[in-house]
Every structure is written in structure tokens, then in C-alpha cells.
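A.B. asks:
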Amino acid sequence: MRTFKTVFMRGGTSKGCIFHKEDLPENREEWDSIFLQAMGNPDPKQIDGMGGTVSSNNKIVIVWKSEEPGIDVEYLVGQVIVGKSQVDYKSNCGNMTAAVGPYAVEEGMVAITEPVTTVHMLNRNTDKYIDVTVPIDPETKTFAQEGDCAIAGVDGTAAELNVKFLNPAGAKTGKLLPTGTCVETLEIPDFGPIEATILDVSNPMVLVKAEDIGMTGTELPEEVNGNKEVSDLLEKIRGVACCKMGFAKDLKDATENSPAVPKVGFVTVPKSYTDIAGQQVNAEDMDVCARVISVFKCHKACPLTSASAISVAAAMKGSVVEKVLRKAGNAGNVRIGHPSGIMTMVPELKEENGEVKLPSVGVQRTARRIMDGTLYIRK
Numbered sequence: 001m002r003t004f005k006t007v008f009m010r011g012g013t014s015k016g017c018i019f020h021k022e023d024l025p026e027n028r029e030e031w032d033s034i035f036l037q038a039m040g041n042p043d044p045k046q047i048d049g050m051g052g053t054v055s056s057n058n059k060i061v062i063v064w065k066s067e068e069p070g071i072d073v074e075y076l077v078g079q080v081i082v083g084k085s086q087v088d089y090k091s092n093c094g095n096m097t098a099a100v101g102p103y104a105v106e107e108g109m110v111a112i113t114e115p116v117t118t119v120h121m122l123n124r125n126t127d128k129y130i131d132v133t134v135p136i137d138p139e140t141k142t143f144a145q146e147g148d149c150a151i152a153g154v155d156g157t158a159a160e161l162n163v164k165f166l167n168p169a170g171a172k173t174g175k176l177l178p179t180g181t182c183v184e185t186l187e188i189p190d191f192g193p194i195e196a197t198i199l200d201v202s203n204p205m206v207l208v209k210a211e212d213i214g215m216t217g218t219e220l221p222e223e224v225n226g227n228k229e230v231s232d233l234l235e236k237i238r239g240v241a242c243c244k245m246g247f248a249k250d251l252k253d254a255t256e257n258s259p260a261v262p263k264v265g266f267v268t269v270p271k272s273y274t275d276i277a278g279q280q281v282n283a284e285d286m287d288v289c290a291r292v293i294s295v296f297k298c299h300k301a302c303p304l305t306s307a308s309a310i311s312v313a314a315a316m317k318g319s320v321v322e323k324v325l326r327k328a329g330n331a332g333n334v335r336i337g338h339p340s341g342i343m344t345m346v347p348e349l350k351e352e353n354g355e356v357k358l359p360s361v362g363v364q365r366t367a368r369r370i371m372d373g374t375l376y377i378r379k
């Protein structure tokens with residue numbers, strides 16, 4: 001057996017293995033085999049690894065100290081594709097980004113400032129900068145794990161982390177609106193035309209209205225996943241958008257070689273529903289209701305990068321999100337109803353010389369170290 005040090009952490013509503021880059025082989029061609037075995041792939045049950053059979057529980061993060069002035073750490077995210085011998089490095093994971101800040105503090109990779117340390121980070125999937133504020137325990141002088149912050153999709157409370165994505169527009173395409181417009185009509189094979197918004201905020205995203213695909217928008221993940229007709233349609237929509245953004249040459253290529261980029265989601269007006277924990281979610285507590293597909297399955301919450309895109313689309317006149325948005329003002333915050341509850345996003349948009357600028361998108365998250373130790377990999 002080969003052995004590797006790792007830390008198993010939850011970040012937001014995702015979890016996975018975090019590695020120091022220096023603990024991995026210098027030859028990156030060896031990495032995929034390590035990460036696939038860590039999660040138990042390609043077995044979809046992942047019985048011989050640490051994976052949780054859904055994309056949100058199959059994250060890999062590699063972290064190292066940065067040599068760039070003003071930046072503490074750099075990190076790369078790998079998405080292990082459940083049931084395949086494939087690791088996708090095309091996109092960042094916003095939820096695991098929340099874990100990188102506390103990890104860097106706990107591993108002694110940053111200088112500690114009390115009572116809060118701001119970790120300045122550079123994501124190498126997107127070459128975008130993120131700041132994470134980490135509360136410090138005055139006794140241990142490290143991450144204060146305990147707190148009273150609760151986020152939808154995670155039981156209990158923990159210390160509050162403020163995650164701010166800096167200038168997140170154009171993470172993969174170089175443009176906030178990769179096709180030049182915030183609403184357009186996509187021609188979907190065997191379906192016809194559908195109105196969509198395509199944007200690139202932290203990760204590329206394509207959004208459609210729930211009613212346009214025969215959904216209410218309040219469906220829970222099992223119902224979405226069990227609807228083969230709708231699942232196939234959403235993958236075609238994602239594939240067409242993928243091709244328009246230049247990530248794939250056709251729908252087959254998009255499915256096989258770009259399963260995580262872009263993501264696809266559907267939105268509707270605020271509606272009340274029962275979440276996956278059996279709790280009531282009220283329409284009056286949200287501004288938009290959304291469901292997001294991540295690597296062929298409906299996410300049990302909402303990927304943070306997708307939530308960022310949805311919140312920005314909400315501010316764009318004519319987008320599919322703006323058309324269903326609750327119009328009452330709430331100081332720029334956008335409250336998104338998802339299968340696990342409600343997430344509040346804080347997009348910061350400005351207009352300069354007739355062009356929309358996006359200085360940052362912020363969100364409240366929590367994270368915690370679940371386990372650290374030795375990972376055993378077959379030779």
C-alpha cells in the first residue's frame with residue numbers, strides 16, 4: 001500500500017479530502033489514480049473508498065502556500081465523477097472553498113490575526129481570488145470550530161465563515177455573459193426552442209424556467225432524478241450551452257468530457273414546499289426558487305458557484321431569473337430556495353461606461369474538520 005496524509009473536511013454542503021500539494025507526487029499524472037482510489041471509483045457504490053455516491057461528497061482539494069504577493073494559499077479542486085474513472089478539474093467548488101480557509105489556518109499556512117483572520121486565496125481552476133474570514137479561538141489560537149451559524153443543508157451550528165469571491169465573472173470564458181446576452185433562445189434537439197440565460201460567475205451556468213421544461217420548480221432531488229425525460233432534456237440543454245461556450249464539439253462530447261461545466265438549473269417564482277429534511281420552506285422567505293443539476297444528479301442543496309450565478313442573473317433585466325424574481329427590495333441580497341432550505345447571496349454589481357462589473361459575490365458558510373490521518377492507496 002501507498003500512504004498519503006489527508007484531511008477529510010466538510011465545506012458548506014460539500015465534503016471531501018484535502019491534501020497538501022507537497023504530500024502528493026510531483027508527477028501530476030499520478031494524481032488521478034490516488035484520488036479515484038480515495039473515493040472508491042469507478043464503483044458507483046464507492047464501497048472501497050470515502051466517497052458518498054453523489055458529486056457533493058466527492059471533492060478533492062489540493063492546497064499549497066502561494067508565492068504571489070498578498071496571497072496566502074493557492075488551491076485546485078478535483079471533482080471525482082461518481083461511477084467513472086474520471087476526475088474533472090475544470091471548475092471550482094464554492095462550498096469546499098469555504099473549507100480551504102480554516103484548513104490553511106489549522107495547518108499553519110497563514111499568519112494568525114485575532115479575533116478574525118482573513119485568508120487570501122487563489123483558485124487555480126479558475127485563476128480567481130477569494131477571501132475567507134476565519135474566526136480564531138483565543139485559547140487555541142486556531143480556527144474556532146464552534147459557533148451559532150446555521151446554514152441550510154447542514155445539521156446544527158458552527159462558526160461563521162464569510163466567503164467573498166472577488167471579480168468572479170468570466171472564470172472559465174473570460175466573460176460574464178459568454179454569448180454576449182443575458183437571455184437567448186437555445187434550439188434543443190427533439191424538443192425545440194427554449195429561453196435560457198447563460199453566464200459565467202465562478203463557474204459557467206445555464207438557467208431555464210421550470211415551467212418551460214414541465215416542472216414546478218419545487219421538486220426534490222429524487223423526483224428530478226427519477227424523471228428520465230426531464231433529466232435527458234436538462235442534459236441536452238446543458239450540452240447545447242456547453243457547445244456554445246466552446247467547451248465541447250457536440251452533445252456526446254459535452255456529456256463525456258465536460259460533465260461538470262457548465263452546470264444547468266431551473267428556476268421559478270417563490271413557492272412553498274417541504275425540503276429534504278421534512279421541514280417547511282415558505283415562499284415569503286425567498287426571492288427565487290431553484291434546482292441545480294450537478295454531474296447528472298439534482299443537487300441536494302445548491303452549489304455555491306451556481307448560487308452565485310443565480311444571484312447575479314437576478315440583477316440582470318430580462319434574464320430568466322429576473323423574470324421570476326420577487327420584486328421587493330432587500331438591500332441587494334438574493335434569497336434562493338433550494339431542496340435543503342434557503343441560501344442568501346450578496347452580489348455586488350456596478351455599471352461602468354455602460355458595462356456591468358461584478359466586484360464580488362459574498363455568502364455565509366460553515367466548515368469543519370471531520371477527520372485527519374493516513375489514506376491507504378494500492379500500489
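Residue numbers are given in our numbering: position 131 of the sequence shown equals residue 131, and the series is strictly consecutive.
Yeah, the Cβ is synthetic: ideal placement off N, Cα and C, and Gly gets one too.
Keep in mind the model is a prediction, meaning the values are calculated, not measured.
Buried or exposed for Glu74, going by 16 or more other Cβ atoms inside 10 Å?
C.D. replies: buried
A.B. asks: Looking only at its chain, what residues have a beta carbon closer than 8 Å to the beta carbon of Ala314, apart from the 5 residues adjacent to it on each side?
C.D. replies: Only residues of its own chain outside the window of five on either side were considered, and among them Asp287, Val288, Val321, Glu322, Leu325, Val334, Pro347 have a CB closer than 8 Å to the CB of Ala314, listed in chain order.
A.B. asks: Taking Asn380 and Leu358 to be in contact with their CB atoms under 8 Å, please state how far apart those CB atoms are, rounded to whole angstroms.
C.D. replies: Given that the chain is displayed from residue 1 to residue 379, the structure contains no residue 380 and the question cannot be resolved.
A.B. asks: Just how far apart, CA to CA, sit Met245 and Val295?
C.D. replies: 18 Å
A.B. asks: Once DSSP output is grouped into helix, strand and coil, what is the label at Val320?
C.D. replies: helix
A.B. asks: Which residues mark the beginning and the end of the alpha helix (DSSP H) in which Phe35 is found?
C.D. replies: 31-39
A.B. asks: Which word fits Gly217, buried or exposed, when buried means at least 16 other C-beta atoms lie within 10 angstroms of its C-beta?
C.D. replies: When all chains shown are included, Gly217 counts as buried.
A.B. asks: Out of Gly354, Asn227, Leu176, which one is the CA nearest neighbour of Val206?
C.D. replies: Leu176
A.B. asks: Expressed to the nearest angstrom, what Euclidean distance is found between the alpha-carbon atoms of Leu220 and His338?
C.D. replies: 9 Å
A.B. asks: Along the beta strand (DSSP E) that carries Ile249, what are the first and last residues, could you check?
C.D. replies: The sequence shown places Lys at residue 249, not Ile. Lys249 -> no beta strand (DSSP E), and no H or E assigned at all.
A.B. asks: Please state whether DSSP places Thr255 in a helix, a strand or coil.
C.D. replies: helix
A.B. asks: Can you tell me whether Ala144 is buried or exposed? The criterion is at least 16 other CB atoms within 10 Å of its CB, across all chains shown.
C.D. replies: buried
A.B. asks: Go ahead and label Tyr376 buried or exposed: buried means 16 or more other beta carbons lie within 10 angstroms of its beta carbon, across all protein chains shown.
C.D. replies: Counting every other CB atom within 10 Å of its CB across the protein chains shown gives Tyr376 a total below 16, marking it as exposed.
A.B. asks: Considering only residues of the region 28-114, which uninterrupted alpha helix (DSSP H) runs meet the minimum length of 4 residues and lie entirely inside it, listed in chain order?
C.D. replies: Runs of the alpha helix (DSSP H) inside the region 28-114: 31-39, 94-106.
A.B. asks: Under 7 Å between the Cβ atoms of Val134 and Val119?
C.D. replies: yes
A.B. asks: Considering only residues of the region 157-242, which uninterrupted alpha helix (DSSP H) runs meet the minimum length of 4 residues and lie entirely inside it, listed in chain order?
C.D. replies: The alpha helix (DSSP H) runs of length 4 or more contained entirely in the region 157-242 are, from start to end of the chain, 221-226.
A.B. asks: State yes or no: is the beta carbon of Cys182 nearer than 7 Å to at least one beta carbon in chain C?
C.D. replies: Among the chains in the structure shown there is no chain C, since it carries only a single protein chain.
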